[in-house]
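If you want this note's numbering, it's the 1-based position in the sequence shown plus 606.
C-beta: ideal position from N, C-alpha, C; glycine also.
I have placed the structure first, in the form of structure tokens, so that the comments after it can refer back to it.
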Amino acid sequence: MLRSLEQERARYAWECIQEVKKESEELQKNYNSYVKKAPTLIQTNGLPNALAFYYNKWKKGEKAYELLYKHIANWNEVKRMSGDKEFLLWVVEDASSIDVFQVTKEVIALLSWIKRFAEAELKGEET
């Protein structure tokens, strides 16, 4: 079946959230919080800086950041652009400014879906 890119984003985002739902309530709350802030962080600081921030937090043992980073980096449209190279390295070493602009748009579009499903499916702060 032929699907639109928007449908593929939604499908992938759903799979990401189902993965997070298997984790602890605390991790779900953290992931939910981080994914809500991700588009603003990317738009304010740029995709390379945001990815470096997520990568740093992941390497310091914060699993919610690890999942968020991997969900971004493993999305097919991102992998298509970056090839076999680690996504962060591709962004900072090889990508042209046009590549970074295009992949930033794609990441924000993906995060929109992840954010919607996270709000509906994951544990979060009570309002």
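Rounded straight-line distance, which links the Cα of residue j to that of residue i
i: P645; j: G667; result: 22 Å
i: S610; j: L695; result: 29 Å
i: L657; j: Q613; result: 25 Å
i: W664; j: E629; result: 16 Å
i: L673; j: F707; result: 23 Å
i: L717; j: V641; result: 7 Å
i: L699; j: N636; result: In the sequence on display, residue 699 carries Glu and not Leu. Using only the alpha carbons, I get a separation of about 30 Å.
i: E621; j: S702; result: 30 Å
i: V709; j: R617; result: 19 Å
Residue i: first and last residue of the uninterrupted alpha helix (DSSP H) it sits in
i: N738; result: The structure shown does not extend to residue 738, since the chain spans only 607 to 733, so no value can be given for it.
i: A619; result: 611 to 627
i: K721; result: 703 to 727
Reduced DSSP category for residue i - H, G, I as helix; E, B as strand; rest coil
i: T733; result: Because the pLDDT at T733 is just 45, under 50, the model does not fix this residue reliably, and the value given afterwards should be weighed accordingly. Coil at T733, not helix or strand.
i: S630; result: coil
i: E672; result: helix
i: K666; result: coil
i: L608; result: coil
beta-carbon residue i near the ligand NAD non-hydrogen atom, thresh 7 Å
i: W681; result: You won't find the ligand NAD in this model; it holds no ligand whatsoever.
Same chain, Cβ closer than 7 Å to residue i, five either side skipped, listed in chain order
i: E727; result: I623, K627
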